[in-house]
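Novice: Sharing a structure with you now.
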Amino acid sequence: MNTLNSTLAAGYERTRAVMAMLFALVVAYAQAGKRRFVARVRLGYRLAESAFEAEDRSFARATRGQASGNLVSLVVGVAVAVIVGVGVAIPITNDVIQQSNLTGITATIVGFIPVMLGVLIFVATVGPIMART
Amino acid sequence: MPSKAAKVVMTLGVFAAVGVIMLAPVVAAVNSNTGTVSVTDETVVAQSGERVALSGYDIDPATVTVEAYNDTSGSWETTTEYTLYDQPGDIQFDVQNATNIEDGEEVRVDYDYQATGELTALVAGFIPVGIGLLIFVPIARRVEGLM
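Structure (structure tokens):
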């Protein structure tokens, strides 16, 4: 009876030891897995961050390039608008007004059309300055 | 690899160069199309019994000089054998009775015309100033950003 009891006790102890060892192994495996997971997450984050920074630098370069390109195209566009407006639109308007022999209040009102064209062109030149302030 | 400041300076340099280049035709367009404009040696073809349109309108009659080619002397001579319609800017030559002008002959005309009213000329005179500001202000703003 004593022998049986001691055998059972020894078996119980072995089982406990094995279970403890298994538990320790599982915990260690889980911690290692966790470390690997965190390392993967950190690696992914670093990769994403570097990719984002590269894209951000590229975006900033593109923005600067676009800004300088916009300035040049703005000045060219305004200059062309002025040349067409002052060189074509206003003379044609004046010519038509002179040819039409208008009188009275109609002539007064229509006579202000070239003035308004001039104001419109002037505002087109000054407007971008005010918009960028 | 140029620095950021160098890039800004180069960009502004290109912008200023393009702006000043575009400013020249703008000033020319404003000066030649506003206020009183002088036309020299505009060539028109005399046609019997028909009014010929000049490029200008609202012409000052006191400034009109018409020259026709005298075949005998071989030179351009001033003539008064014409009728001017100053408001629409037309001219009609008395070809039937003229001594120097023949049908289909080229005639040279000098005149001043009022391209725009004084108010339009005043407003249009500020357009080159606006273009100058459009060039100057962005450059000044970037220079201020560098300081």
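These protein sequence lines map, in sequence, to chains Z and Y.
Taking this note's numbering, I'd label the letters of the first sequence as residues 194 to 326.
Taking this note's numbering, I'd label the letters of the second sequence as residues 242 to 388.
Every residue, glycine too, gets a C-beta built ideally from N, C-alpha and C.
Remember, it's a predicted structure, so these values are computed and weren't measured experimentally.
1. Express the C-alpha separation of residue 286 of chain Y and residue 149 of chain Z in angstroms, rounding to a whole number.
2. When you compare only the Cα positions, how much space is there between residue 359 of chain Y and residue 365 of chain Y?
3. Output the distance between the C-alpha atoms of residue 279 of chain Z and residue 271 of chain Y, rounded to the nearest integer angstrom.
4. In this structure, how does DSSP classify residue 279 of chain Y when only helix, strand and coil are distinguished?
5. Does the CB of residue 264 of chain Z have a neighbour CB from chain Y at under 8 Å?
6. Tell me whether residue 311 of chain Y is buried or exposed, calling it buried when 16 or more other Cβ atoms sit within 10 Å of its Cβ.
7. Spatial neighbours of residue 304 of chain Y within its chain, please: C-beta separation below 6 Å, excluding the five flanking residues on both sides.
8. List the endpoints of the continuous beta strand (DSSP E) containing residue 331 of chain Y.
9. Among the residues of its own chain, which have a CB less than 8 Å from the CB of residue 287 of chain Z, if the five just before and after it don't count?
10. Is any beta-carbon of chain Z found at less than 8 Å from that of residue 335 of chain Y?
11. Quick one: using the 10 Å Cβ neighbour count with 16 as the cut-off for buried, is residue 337 of chain Y buried or exposed?
12. Which residues in chain Y sit within 9 Å of residue 283 of chain Z, going by Cβ to Cβ distance?
13. Is the segment 337-347 of chain Y touching the segment 366-381 of chain Y in the sense that three or more CB pairs, one from each, lie closer than 8 Å?
14. Using the Cα positions of residue 291 of chain Z and residue 356 of chain Y, report the straight-line distance between them to the nearest angstrom.
15. Against residue 288 of chain Z, what residues of chain Y qualify as contacts under a CB-to-CB distance less than 7 Å, listed in chain order?
Specialist: Reading off the structure:
1. Given that chain Z is displayed from residue 194 to residue 326, the structure contains no residue 149 of chain Z and the question cannot be resolved.
2. Your numbering for residue 359 of chain Y matches position 118 in the second sequence. Your numbering for residue 365 of chain Y matches position 124 in the second sequence. Going from the Cα of residue 359 of chain Y to the Cα of residue 365 of chain Y covers about 10 Å.
3. In the first sequence, residue 279 of chain Z corresponds to position 86, counting from 1. In the second sequence, residue 271 of chain Y corresponds to position 30, counting from 1. Roughly 6 Å between the two C-alpha positions.
4. Counted from its first residue, the second sequence places residue 279 of chain Y at position 38. Here residue 279 of chain Y sits in strand by DSSP.
5. Walking along the first sequence from the start, residue 264 of chain Z turns up at place 71. It does; some Cβ of chain Y falls within 8 Å.
6. Translated into positions along the second sequence, residue 311 of chain Y becomes position 70. Its Cβ having fewer than 16 others within 10 Å, residue 311 of chain Y is exposed.
7. Within the second sequence, the letter at position 63 stands for residue 304 of chain Y. Here the set comprises 352 and 353.
8. For this step, residue 331 of chain Y is matched to residue 90 along the second sequence. From DSSP, the beta strand (DSSP E) with residue 331 of chain Y extends over 331-334.
9. Numbered from its first residue, the first sequence carries residue 287 of chain Z at position 94. Closer than 8 Å at Cβ, skipping near neighbours: 307.
10. Indexing the second sequence from 1 puts residue 335 of chain Y at position 94. No, residue 335 of chain Y does not count as interfacial toward chain Z.
11. Within the second sequence, the letter at position 96 stands for residue 337 of chain Y. It is exposed - the Cβ of residue 337 of chain Y has fewer than 16 other Cβ atoms within 10 Å.
12. Position 90 of the first sequence, counted from the first residue, corresponds to residue 283 of chain Z. Per Cβ cutoff of 9 Å: 274, 275, 356, 357, 361 and 365.
13. no
14. Residue numbering aside, residue 291 of chain Z sits at position 98 when the first sequence is read from its first letter. Residue numbering aside, residue 356 of chain Y sits at position 115 when the second sequence is read from its first letter. So the alpha carbons of these two residues sit roughly 10 Å apart.
15. Position 95 of the first sequence, counted from the start, is the residue given in the question as residue 288 of chain Z. What residue 288 of chain Z touches in chain Y: 298.
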